[in-house]
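S.K.: Next up is a structure, given as structure tokens.
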Amino acid sequence: MKIVMLGAPGAGKGTQADKIAEKYGLPHISTGDIFRKNIKEGTELGKEAKSYMDAGKLVPDELTVRLLLDRVKNDDCAKGYILDGYPRTIPQAEALDSELAKLGEKIDYAINVEVPDENIITRMSGRRACLKCGATYHLKYVPPKKDGICDECGAELVIRDDDKPETVKNRLSVYHEQTQPLIEYFENKGVLHSVDGTIDVEDVFKAIEQILD
Ligand code: ADP
Ligand code: AMP
404 MKIVMLGAPG
414 AGKGTQADKI
424 AEKYGLPHIS
434 TGDIFRKNIK
444 EGTELGKEAK
454 SYMDAGKLVP
464 DELTVRLLLD
474 RVKNDDCAKG
484 YILDGYPRTI
494 PQAEALDSEL
504 AKLGEKIDYA
514 INVEVPDENI
524 ITRMSGRRAC
534 LKCGATYHLK
544 YVPPKKDGIC
554 DECGAELVIR
564 DDDKPETVKN
574 RLSVYHEQTQ
584 PLIEYFENKG
594 VLHSVDGTID
604 VEDVFKAIEQ
614 ILD
């Protein structure tokens, strides 16, 4: 089962992808997490990605596509995967589709988590992230058991550099311009399913389970 998570930055893609990964035993692949790991480790890729990410822009397709196509060739992807934050442009979607087509495969589900822009800024200002394992929390809606500490791996939680309100505004406009057209792209492929992302985390997940079961 190959799943793509769609939705604005902060819609809850990562939160739901984690839950899907746990229930269905699929790897959760977040291109944002891969970039952040590279930035933390000071790799060439990280250095290149950082300036785009800090400005709220997309990392160029040349870098992102190669990274993702390599990642999905790993053995852990044999039974499928959940993509969170990829594709973000039509060329990224086309590149993945053409690689899959060579293997006689395709994306089975595109799950669009719908949250209006008005809710996004509040969500992002309360978001806390674990850069070690990729887990995501919210001070009010999804608090960790221990203040500032990741429940999953015990690492310190941080505010992401790109979650400042000014950057979030840029990310939202980039989303509307470059990523939102993917909703129609996947609708035309007959695999689009939309869920209301404004309700409680567990209720969003129930709606997703109904689609996947
Ligand atoms: P995305 O991966 O789409 O950028 P996240 O999964 O990181 O979004 O969620 C953004 C923020 O909103 C996080 O702080 C997360 O804990 C919180 N969040 C996610 N889903 C919900 C929800 N249904 N209700 C309230 N807050 C949520
Ligand atoms: P995310 O963790 O998904 O919110 O992504 C954080 C940032 O990483 C984005 O704002 C982009 O700068 C970059 N990024 C992540 N995935 C992609 C992608 N598929 N294409 C381009 N840039 C990406």
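Residue numbers (our numbering): 404 to 616.
Each residue gets a CB set at the ideal place from its N, CA and C atoms; glycine is no exception.
Any heavy atom of the ligand ADP closer than 6 Å to the Cβ of Arg530?
M.R.: For the purposes of this step, residue 530 is identified with residue 127 of the sequence shown, where counting begins at 1. Checking the Cβ of Arg530 against the ligand ADP gives yes.
S.K.: Does the Cβ of Phe589 lie closer than 6 Å to at least one heavy atom of the ligand AMP?
M.R.: If you number the sequence shown from 1, residue 589 lands on position 186. Phe589 Cβ: outside cutoff for every heavy atom of the ligand AMP.
S.K.: Return helix, strand or coil for Leu409, following the three-state DSSP convention.
M.R.: Walking along the sequence shown from the start, residue 409 turns up at place 6. It is a strand residue.
S.K.: I need the DSSP call for Thr582, collapsed to helix, strand or coil.
M.R.: The count along the sequence shown starts at 1 and reaches residue 582 at position 179. In the structure shown, Thr582 sits in a helix (DSSP, three-state: H, G or I).
S.K.: Anyone know if the C-beta pair for Ile406 and Tyr489 falls short of 7 Å?
M.R.: The sequence position of residue 406 within the sequence shown is 3, counting from 1. The sequence position of residue 489 within the sequence shown is 86, counting from 1. Contact flag unset, no.
S.K.: Please state whether the Cβ-Cβ distance between Gly459 and Thr570 is less than 7 Å.
M.R.: Counting from 1 along the sequence shown, the entry for residue 459 is found at position 56. Counting from 1 along the sequence shown, the entry for residue 570 is found at position 167. Yes, Cβ-Cβ distance for Gly459 and Thr570 is below 7 Å.
S.K.: Do three or more CB pairs link the segment 595–612 to the segment 419–437 at distances below 8 Å?
M.R.: Yes, the segment 595–612 is in contact with the segment 419–437.
S.K.: Does DSSP put Leu560 in a helix, a strand or coil?
M.R.: The sequence position of residue 560 within the sequence shown is 157, counting from 1. Correct three-state label for Leu560: strand.
S.K.: Report yes if the C-beta distance between Leu472 and Glu502 is below 7 Å; otherwise report no.
M.R.: The count along the sequence shown starts at 1 and reaches residue 472 at position 69. The count along the sequence shown starts at 1 and reaches residue 502 at position 99. The answer is yes: Cβ separation under 7 Å.
S.K.: Given 6 Å as the limit, tell me if Arg526 has its C-beta closer than that to any heavy atom belonging to the ligand ADP.
M.R.: Here the question's residue 526 lines up with position 123 in the sequence shown. Yes, the Cβ of Arg526 comes within 6 Å of a heavy atom of the ligand ADP.
S.K.: Alpha carbon to alpha carbon, how far is Val577 from Thr492? Give it in angstroms, no decimals.
M.R.: Within the sequence shown, residue 492 is the residue found at index 89, counting from 1. Within the sequence shown, residue 577 is the residue found at index 174, counting from 1. Their Cα atoms are separated by approximately 10 Å.
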